[in-house]
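Numbering (my numbering), first residue to last: 23 to 141.
The beta carbon of each residue, even a glycine, is placed where N, CA and C say it ideally should be.
Quick caveat: nothing in here was measured; it's all calculated off a predicted structure.
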Amino acid sequence: MMTLILAVERDWQASEHRKFGVGNISRADGVKTDHASHIKGLEVDIRPIRKDGHHASVTYLDSAYDRAATEKLINLFHANAPGQLQIFFNDNRIASVAPLKKHDNHFHVQFSEHHKEAE
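Written as C-alpha cells, this is what we have:
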C-alpha cells in the first residue's frame with residue numbers, strides 16, 4: 023500500500039499544488055485498532071480534495087468539496103495499482119467508487135483481494 027500511495031503522490035504533484043490527506047494506513051502486523059478493517063497492510067483512508075486547499079476535513083456534500091479533483095485522485099489510485107482496487111466513498115457521482123456507511127468525509131482504498139467489509 024505504501025508503494026501505491028507514493029506512486030499516486032508522485033503523479034498528483036506533477037499537476038497539482040494541493041496536498042491530499044492520508045490517514046488510517048493499515049498495519050501489516052494485524053494489530054486491531056478502532057477499525058473493523060485496516061489490519062493487513064492493504065487498506066488506507068484518503069481525504070477528499072477541497073477547493074480552497076485547506077488541510078481540513080470535508081464531506082462530498084460541502085461546498086468546499088472539489089469533486090473533479092477528488093475523482094482525479096481516485097483515478098490515479100486505480101491507474102497506479104498493481105491489481106484491482108475497491109474504493110468506498112459515498113459520492114455516487116464518481117463512477118469507480120461504491121457507497122459504504124461512514125464514508126462521507128474520506129474514501130477507503132483497499133486491494134480487491136481483501137474482501138472484508140471496510141469500516
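With distances taken from CA atoms, which of the options is nearest residue i?
i, options, result
"Asp67", "Asp84, Val30 and His128", "His128"
"Arg89", "Ser37, Met23 and Ile116", "Ile116"
Label residue i either buried or exposed according to how many other C-beta atoms from any shown protein chain fall within 10 Å of its C-beta, with 16 as the threshold for buried.
i, result
"Asn114", "exposed"
"His60", "buried"
"Leu64", "buried"
Which residues in the same chain have their Cβ closer than 6 Å to the Cβ of residue i, if we skip the five residues on either side of it in sequence?
i, result
"Arg69", "Gly43 and His128"
"Gln108", "Gln132 and Ser134"
"Thr81", "Asp126 and Asn127"
Looking only at its chain, what residues have a beta carbon closer than 8 Å to the beta carbon of residue i, apart from the 5 residues adjacent to it on each side?
i, result
"Asp20", "Because the chain is modelled from 23 through 141, residue 20 falls outside the range shown and cannot be assessed."
Would you mind reading off the limits of the beta strand (DSSP E) that contains residue i?
i, result
"Asp67", "Glu65 to Ile68"
"Leu107", "Leu107 to Phe110"
What are the boundary residues of the alpha helix (DSSP H) that includes residue i?
i, result
"His100", "Arg89 to Asn102"
For residue i, which residues of its own chain have a beta-carbon under 7 Å away from its beta-carbon, when the five flanking residues on both sides are left out?
i, result
"Asn102", "Leu26, Ala29, Val30 and Asp33"
"Ser79", "Arg69 and Asn127"
Between the C-alpha atoms of residue i and residue j, what's the straight-line distance to the nearest angstrom?
i, j, result
"His77", "His100", "24 Å"
"Lys94", "Lys41", "13 Å"
"Lys11", "Ile47", "The question about residue 11 has no answer, for the chain in this structure spans 23 to 141."
"Pro121", "Thr92", "15 Å"
"Asp84", "His130", "19 Å"
"Phe111", "Val119", "6 Å"
"Lys124", "Gly45", "15 Å"
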